[in-house]
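Here the structure comes first, spelled out in structure tokens, and everything after it is commentary.
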Amino acid sequence: MALLFEPLTLRGTTFRNRVWLPPMCQYSATDGVPGDWHLVHLGARAAGGFGHVVAEATAVVPEGRITPQDTGLWSDAQTEAWARVVRFVQERGARAGVQLAHAGRKASTHRPFHEGDGTIAPPDGGWTTLGPSAEAFPGLAAPAGMTADEVRAVPAAFAAAARRALDAGFDTVEVHAAHGYLLHAFLSPLSNHRTDAWGGTPENRARLLVETVDAVRAVWPDDRPLLVRVSATDWVEGGLTVEEVASVAADLAGHGVDLVDVSTGGNVPARIPVGPGYQVEAARVVREVSGLPTSAVGLLTEPVQAEKVLAAGAADAVMVGRAALPDPSWALRAARELGVDLGTLPHAGDRARVTDATRTGWPVQYERGAWR
Ligand SMILES: Cc1cc2nc3c(=O)[nH]c(=O)nc-3n(C[C@H](O)[C@H](O)[C@H](O)COP(=O)(O)O)c2cc1C
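Here the sequence shown stands for residues -18 to 353, numbered as in the working numbering.
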């Protein structure tokens, strides 16, 4: 049996395999409400064999959206729309996750659909962004430096969104603390120049992340995993290093975090040595130092390559992003290439929540096309 297709249990939740879909913004929501595109995008990958399908960066408050077309979890309409997506994903045997996000100083931008570049100004449908300090991400408008009251409101906003995620039926939530968005901007000395309790020392810079994790954990059920995505390095001299972020992860282990999803970069422009598996070593270090399970992501495009990441003990799951965009059945293809017969997934009926790890295999509707 390939390691990729071994089930994984975190708390009371078992994932049928370790081939996971990372969060990927679709920039296709109206008023933060996911629509048919999201159902088809996430649903196809659940049917395509992924064990955990993580919905895109979903804003906890309107001003936390990267673009006006981001999804959200601050209204009843959003919660209900997500519930439909979650139900479909779970009926296909996958676990449904959602990444909870606040874009901070990288909010209010054009979506990358050739509609314009940079910040959308308030008169054009954008909004004033917020950051730890009033310093711009190069190329974007400068944010307002947050007041202490504004900082204090962040954990509660994440917790309220987590409560809605629970109402929608999600199996997991992931706190987005990567890619230069709000929690990463607080964590990094390159973007956080505060002189209060949330700035300065590594402990102070990590404070908002820890407070946010505590607030989410307090409303998130004991049997459901809480993930955090980090950027393990800023890839810039004087910025966050893998060692510092691994030590933050070790601290998060004591705050109820169950897995660290290890990405890198995004807080400042940097020369990143992008190549196959370029973030795997960071996942290995975070795993070793923190003692927490990790997922590895970043140009893991081939099944044998992904299998080796697990075999090397660098991570407990792999995430396959861009390679799964043209290939929603990447996981089913990986099983074939690794010589694993997943069998057939029976018709799901109306089962709302998956309770075992046996729901693996080809959708019965697609059986006649199965690669075996
Ligand atoms: C279209 C697209 C949207 C993305 N949106 C998000 C997101 O919402 N949250 C996030 O943490 N990363 C996001 N990412 C990064 C991916 O999750 C992933 O970490 C990255 O693409 C590297 O993995 P890959 O080489 O397998 O694609 C996005 C990437 C792509 C291509």
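Positions of the beta carbon are idealized from the N, C-alpha and C atoms, including for glycine.
In this text the structure is predicted, and so the values were computed from the model without any measurement.
- DSSP, read as helix, strand or coil, puts T109 in coil.
- Between the alpha carbons of V14 and A58 lies a distance of about 7 Å.
- Judged by beta-carbon spacing, A231 lies beyond the 8 Å limit of R268, meaning their Cβ atoms are not closer than that value.
- Scanning its chain for C-beta atoms nearer than 7 Å, with the 5 sequence neighbours on each side dropped, one finds around T100 the residues S89, T90, G107, L121, A122, in chain order.
- The straight-line gap separating the alpha-carbon atoms of M(-18) and T(-6) is approximately 21 Å.
- Your pair V255 and L280 checks out as a contact, with CB atoms roughly 7 Å apart and the cut at 8 Å.
- When C-beta atoms of the region 153 to 160 are compared with those of the region 60 to 71, fewer than three pairs fall below 8 Å, so the two segments do not count as touching.
- Under DSSP, E283 forms no beta bridge with any residue.
- At a Cβ-Cβ threshold of 8 Å, T128 and L164 do not count as neighbours.
- Q286 has its CB no nearer than 7 Å to any heavy atom of ligand 1.
- If only uninterrupted alpha helix (DSSP H) runs of at least 4 residues are considered, those enclosed by the region 209 to 245 are 223 to 234.
- Per DSSP, reduced to three states, the secondary structure at W352 is coil, with no helix or strand assignment.
- Remark: the shortest separation between the CB of R314 and any heavy atom of ligand 1 does not fall under 7 Å.
- T341 carries a coil assignment under DSSP once its states are collapsed to helix, strand and coil.
- Counted as a single uninterrupted DSSP element, the beta strand (DSSP E) harbouring E37 occupies residues 33 to 40.
- With a cut-off of 8 Å on Cβ pairs, the region 134 to 147 is in contact with the region 38 to 50, counting three or more such pairs.
- At a threshold of 7 Å, R303 counts as near ligand 1, since its beta carbon sits closer than that to one of the ligand's heavy atoms.
- Inter-residue distance for V200 and V241 is about 19 Å (C-alpha atoms, whole angstroms).
- Inter-residue distance for L(-11) and A196 is about 26 Å (C-alpha atoms, whole angstroms).
- Contact between V217 and V243 is ruled out by a C-beta separation of about 18 Å, above the 8 Å threshold.
- By the Cβ-count criterion, Q346 is exposed, with fewer than 16 other Cβ atoms from all chains shown falling within 10 Å of its own Cβ.
- Unbroken alpha helix (DSSP H) stretches of 4 residues or longer found wholly inside the region 172 to 205: 183 to 200, given in chain order.
- With fewer than 16 other Cβ atoms inside 10 Å of its own Cβ, D322 counts as exposed.
- If you ignore the 5 residues before and after M5, its C-beta comes within less than 7 Å of the C-beta of E37, G302, all in its own chain and listed in chain order.
- Note that the C-beta distance between W1 and H33 is below 8 Å.
- Counting along the chain, T(-10) sits inside the beta strand (DSSP E) bounded by residues -11 to -9.
- The beta strand (DSSP E) runs lying completely inside the region 51 to 102 and spanning 3 residues or more are 76 to 82, given in chain order.
- In terms of CA proximity to V132, D177 leads the group P344, D177, D51.
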